[in-house]
């Protein structure tokens, strides 16, 4: 035999409403957090992944090209001849 207790009935309705309100508040907080995070990311001026990958590939190609250029034999610098670096003439000194 069931009896209807108005106090318990109102308490059940109140609990149901509170749970619905808590769920709505949670969704609202999640939406506000996402909006704040999106705004923060937009202000940071971040680079997209595809742009980063393209630049990374370009830098890698430039490094490989630089390595090949450094690996090529360069013209050897001329070694200084033995003796003085002048042609043998003496410069006049301050005494004349």
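In the UniProt record's numbering, the protein residues as written are 1 to 96.
Every residue, glycine too, gets a C-beta built ideally from N, C-alpha and C.
Three-state class that DSSP yields for residue i in the structure shown
{"i": "residue 46", "result": "coil"}
{"i": "residue 34", "result": "helix"}
{"i": "residue 4", "result": "coil"}
6 angstroms CB neighbourhood of residue i in its chain, flanking five on each side removed
{"i": "residue 33", "result": "none"}
{"i": "residue 38", "result": "none"}
Check: residue i C-beta below 7 angstroms from any heavy atom of the ligand SAM
{"i": "residue 32", "result": "The model on display carries no ligand, and the ligand SAM is accordingly not part of it."}
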